[in-house]
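Chemist:
Residue numbers (the working numbering): 700 to 1135.
Below, the structure written as structure tokens:
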């Protein structure tokens, strides 16, 4: 039993998300290095000697949120084009703008994304984009946890002109992440319609050989399904099965247009799904059967998608949207209750990304946690903290965001980010986005 720790946190309400989903009042969390060493009643742990004491005795402390699908640098495109169908939005506006991306623009967009995520309680994100080494460098500099993959298309883009260069970028990213404890590489295909099946099979083999997560957009819309049927004679999930890609290391983003039979396939294979309800609603992609997938045994986690299609990177907003969408879709007020969406945003996200040390507050886990101001008017009266986290919190009640034992955001201030300086860069970003 350690008698000292580096940081001692006094929590008014501690939502642990441990195996028993314990919720403690007047609790303490002891942090040693990057890990949680002790959790228990304040009266039992208050005498621990600590290098730093953090008083959140009037607040809610909970695990950091895990965003399992985003394109961080797309913050530079936020609000550039809205209110369009997915394929029109992509092909007519987003892909042309992305053809002018540079490593510097990607770095700036990623810094803005990290600022937003830290301010709203996200401690881990899974990113799919191009120039992903720039994303990795920025994430590393700012101290956030990230799972990162260079998006592989079969058409040339601003990052590479062919498959040899694309896979060289994949290897470059893996080399950069090696030895950096908060960065994990993953493999990324755009989709079964924008990445050739030969390339998909190659990525799948690499994922198995390297023990990495492989993620891609799949079954995002009925229009995508129709396109796949026309081109390949099969639906997206059927294509993935035919390529022997379904398995525990496969993370599908969206999973909107899936049949009961396909849900059963996903459950049997162990493949996971990142549910992105706000993006799906904004692009009118449809409503993913998230509750049905969970009931069938599929691990379903949550993602924001990019800020160009959400238009926020706020995981509290995503939790709220997921819960409400499930109820409206099934006309069932019991679908995806508060505990379920909190699981999806924490424990299930960690499982999908292969991060067993994240997702809960208990000894031995990484000290990734957030504290919310419980005196905010929308969180009063505090009848049920789970209800408030799913249905009432906006994310802007966050007072503290800690990653691996380091407080990166506290009461509006960033420890590793020059936010005023970043704001000054936005004028140049606006000119770039408009092609100036």
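All C-beta atoms, glycine included, are put in the ideal place defined by N, C-alpha and C.
Would residue 1088 pass as a contact of residue 759 if the rule is Cβ separation under 9 Å?
Modeler: Taking the chain shown and counting its residues from 1, one reaches residue 1088 at position 389. Taking the chain shown and counting its residues from 1, one reaches residue 759 at position 60. Yes, they are a contact pair.
Chemist: Any idea if residue 748 is buried or exposed, counting beta-carbon neighbours within 10 angstroms, 16 or more meaning buried?
Modeler: In the chain shown, counting from the first residue as 1, residue 748 sits at position 49. It counts as exposed.
Chemist: Take residue 969 as the anchor and find which of 804, 1011 and 1050 has the nearest alpha-carbon.
Modeler: Your numbering for residue 969 matches position 270 in the chain shown. The shortest C-alpha separation from residue 969 is found at 1050.
Chemist: Is the beta carbon of residue 1057 closer than 9 Å to that of residue 844?
Modeler: To locate residue 844, count along the chain shown from 1; it is residue 145. To locate residue 1057, count along the chain shown from 1; it is residue 358. Yes. Within cutoff.
Chemist: Under a Cβ-count criterion, where at least 16 other Cβ atoms within 10 Å of its own Cβ denotes burial, should residue 724 be classed as buried or exposed?
Modeler: For this step, residue 724 is matched to residue 25 along the chain shown. When all chains shown are included, residue 724 counts as exposed.
Chemist: Below 8 Å on the Cβ atoms is my guess for residue 837 versus residue 806; work out the distance and round it to an integer in Å.
Modeler: Along the chain shown, one-based indexing puts residue 837 at 138. Along the chain shown, one-based indexing puts residue 806 at 107. Contact holds; Cβ gap of about 5 Å.
Chemist: Can you look up residue 1065 in the DSSP assignment and give me helix, strand or coil?
Modeler: Sequence index remark: in the chain shown, residue 1065 carries index 366 (1-based). It is a strand residue.
Chemist: Here's the rule I'm using: 16 or more other beta-carbon atoms within 10 Å means buried, otherwise exposed. How should residue 1013 be labelled?
Modeler: As a position in the chain shown, residue 1013 is number 314, starting the count at 1. It counts as buried.
Chemist: Using beta-carbon positions only, say whether residue 728 and residue 1066 come within less than 9 Å of one another.
Modeler: By 1-based counting over the chain shown, the position of residue 728 is 29. By 1-based counting over the chain shown, the position of residue 1066 is 367. In this structure, residue 1066 lies closer than 9 Å to residue 728 by Cβ.
Chemist: Would residue 814 pass as a contact of residue 1113 if the rule is Cβ separation under 9 Å?
Modeler: Taking the chain shown and counting its residues from 1, the one referred to as residue 814 is at position 115. Taking the chain shown and counting its residues from 1, the one referred to as residue 1113 is at position 414. Yes; because the gap between Cβ atoms is below 9 Å, this pair is in contact.
Chemist: Taking residue 782 as the reference, which of 1060, 1009 and 1095 has the closest Cα?
Modeler: Along the chain shown, one-based indexing puts residue 782 at 83. For residue 782, the nearest C-alpha among the options comes from 1009.
Chemist: With a threshold of 16 other CB atoms inside 10 Å of the CB of residue 718, please say whether the residue is buried or exposed.
Modeler: Taking the first residue of the chain shown as position 1, residue 718 is located at position 19. When all chains shown are included, residue 718 counts as exposed.
Chemist: Could you check how far apart the C-beta atoms of residue 1099 and residue 755 are, in whole angstroms? I think they sit under 8 Å.
Modeler: Counted from its first residue, the chain shown places residue 1099 at position 400. Counted from its first residue, the chain shown places residue 755 at position 56. Confirmed, about 7 Å.
Chemist: Which one of 1101, 879, 1118 and 800 has the shortest CA to CA distance from residue 706?
Modeler: Taking the chain shown and counting its residues from 1, the one referred to as residue 706 is at position 7. Considering only alpha carbons, the answer is 1101.
Chemist: Can you check the stretch 883-958 for any beta strand (DSSP E) of at least 3 residues that lies completely inside it and give the ranges in chain order?
Modeler: For the stretch 883-958, whole beta strand (DSSP E) runs of length 3 or above, ordered along the chain, are 886-888, 913-917 and 949-953.
Chemist: Only counting the same chain, and skipping five residues up and downstream in sequence, which positions put a Cβ closer than 6 Å to that of residue 803?
Modeler: Counted from its first residue, the chain shown places residue 803 at position 104. There are no such residues.
Chemist: Of the residues 887, 822, 871 and 841, which one's Cα is nearest the Cα of residue 853?
Modeler: Position 154 of the chain shown, counted from the first residue, corresponds to residue 853. Checking every option, the nearest Cα to that of residue 853 belongs to 887.
Chemist: Can you give me the Cβ contacts of residue 1108 inside the same chain, cut-off strictly under 8 Å, excluding the 5 residues immediately before and after it?
Modeler: Translated into positions along the chain shown, residue 1108 becomes position 409. Within the same chain, residue 1108 has close Cβ partners 817, 818, 1097, 1099, 1100 and 1114.
Chemist: List in chain order: all unbroken alpha helix (DSSP H) runs of 4+ residues lying wholly within the stretch 1083-1134.
Modeler: Counting whole runs of 4 or more residues, the stretch 1083-1134 contains the alpha helix (DSSP H) stretches 1118-1123 and 1125-1132.
Chemist: Tell me whether residue 986 sits in a helix, a strand or coil according to DSSP, three-state version.
Modeler: As a first step, residue 986 must be located in the chain shown, where it is residue number 287. Correct three-state label for residue 986: coil.
Chemist: Do you know whose CA, among 984, 930, 910 and 931, lies nearest residue 1053's CA?
Modeler: Walking along the chain shown from the start, residue 1053 turns up at place 354. Cα-wise, what sits closest to residue 1053 is 910.
Chemist: Along the chain, which unbroken stretches of the beta strand (DSSP E) at least 3 residues long are found entirely within the stretch 1031-1076?
Modeler: Here the runs fully enclosed are 1068-1071.
Chemist: DSSP state of residue 872, grouped into three classes?
Modeler: Within the chain shown, numbered from 1, the residue matching residue 872 stands at position 173. Three-state result, residue 872: helix.
Chemist: Just how far apart, CA to CA, sit residue 757 and residue 1047?
Modeler: Walking along the chain shown from the start, residue 757 turns up at place 58. Walking along the chain shown from the start, residue 1047 turns up at place 348. The alpha-carbon atoms of residue 757 and residue 1047 are separated by roughly 28 Å.
Chemist: Alpha carbons only, please: which of 734, 752, 722 and 847 is nearest the one belonging to residue 772?
Modeler: For this step, residue 772 is matched to residue 73 along the chain shown. Residue 847 is the option with its Cα nearest to residue 772.
Chemist: Count the other C-beta atoms from every protein chain shown that fall within 10 angstroms of the C-beta of residue 1119, then say buried if there are 16 or more, exposed otherwise.
Modeler: Counted from its first residue, the chain shown places residue 1119 at position 420. Counting Cβ neighbours within 10 Å, residue 1119 comes out exposed, since fewer than 16 surround it.
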